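Below you'll find the structure, written out as structure tokens, and then a few comments.
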């Protein structure tokens with residue numbers, strides 16, 4: 002188990018040095034990786050690594066083209082502790098459940114939690130690069146890229162590939178039938194759907210007093226923004242956590 006802890010520390014340090022993680026993000030990555038590695042062994046750490054590496058690359062891909070989106074989304078740049086918890090917190094709970102029960106349902110839930118997190122991240126990071134502006138989920142009106150509750154064809158396709166990548170990557174360590182693989186893929190994909198639904202309905206939004214744009218940020222152009230809609234306590238990190246949790250709970254009811 003010391004080897005797992007050492008590898009986790011190295012990956013967290015590397016992420017910090019590459020500016021993919023803040024200091025708090027690196028520390029929580031060590032906690033997350035250690036708990037998951039202790040329960041699921043190298044498989045758990047491997048799958049977490051696939052998510053972290055591909056998501057980091059997706060975030061950095063054509064970063065200059067995402068500068069306009071940075072004014073809308075709540076957080077940009079290196080992942081902090083809350084972002085790590087939002088994507089990996091459910092995985093910790095799955096690891097603890099598996100440790101105490103040894104029930105394979107928690108193994109499937111873990112795969113789904115990582116698939117959901119990857120699906121949402123890929124959809125967001127690649128979707129904003131779509132040549133056409135996305136449409137809002139309910140009104141179908143064109144909105145600015147990066148707006149919560151917005152969907153695009155390209156972003157949806159990349160969400161599907163993100164979830165599929167995680168499920169297929171699981172085959173390196175565990176045996177999955179074609180049927181089981183497809184079920185886990187679909188359930189993982191629901192994480193991105195839940196995220197979009199929550200973003201369109203209850204995620205908090207603000208308006209900048211300087212430029213008039215809707216944004217998730219409390220401070221815009223160095224000026225406090227005005228609350229517009231959503232639940233004041235429900236920011237992007239909370240929505241990410243709930244979307245991963247929702248997909249994982251669906252997996253529990255399907256296989257439990």
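In the working numbering, the protein residues as written are 2 to 257.
Glycine included, every Cβ here is placed at the ideal spot set by N, Cα and C.
Keep in mind it's a predicted model, so treat the numbers as computed, not measured.
Given a length threshold of 4 residues, each whole run of the alpha helix (DSSP H) inside the stretch 80–150 is given here in chain order: 82–102 and 105–128. With contacts defined by Cβ atoms closer than 9 Å, residue 192 and residue 245 form a contacting pair.
Membership of residue 171 in any alpha helix (DSSP H) is not indicated, and neither H nor E is assigned to it by DSSP.
It is roughly 15 Å from the alpha-carbon of residue 68 to the alpha-carbon of residue 215. Exclusion of the five residues before and after residue 59 leaves 122, 123, 126 and 127 as the residues of its chain whose Cβ lies within less than 7 Å of its Cβ. Cβ atoms of residue 149 and residue 204 come within 8 Å of each other, at about 5 Å. In the three-state reduction of the DSSP assignment, residue 24 falls in the helix class. In this structure, the straight-line span from the alpha carbon of residue 77 to that of residue 71 is close to 6 Å. Beta-bridge pairing by DSSP links residue 206 to 230. Counted as a single uninterrupted DSSP element, the stretch harbouring residue 2 is not any alpha helix (DSSP H), since DSSP gives it neither H nor E. If you check the CB distance, residue 51 and residue 166 come in under 9 Å. Contact between residue 120 and residue 156 is absent: CB atoms are separated by about 10 Å, not below the 8 Å threshold. In this structure, the straight-line span from the alpha carbon of residue 180 to that of residue 39 is close to 29 Å. Looking at the DSSP output, residue 199 sits in no beta bridge, so it has no partner there.
According to the DSSP assignment, residue 246 belongs to the alpha helix (DSSP H) that extends over 237–256.
With a cutoff of 9 Å on beta-carbon distance, residue 26 and residue 63 are scored as not near each other. Just measuring C-alpha positions, the residue of 30, 17, 42 and 16 sitting nearest residue 3 is 42. Contact between residue 252 and residue 188 holds, with the beta-carbon distance rounding to 5 Å and staying under 8 Å. Counting only the Cα atoms, residue 133 lies some 30 Å from residue 20. Less than 9 Å divides the Cβ of residue 34 from the Cβ of residue 13.
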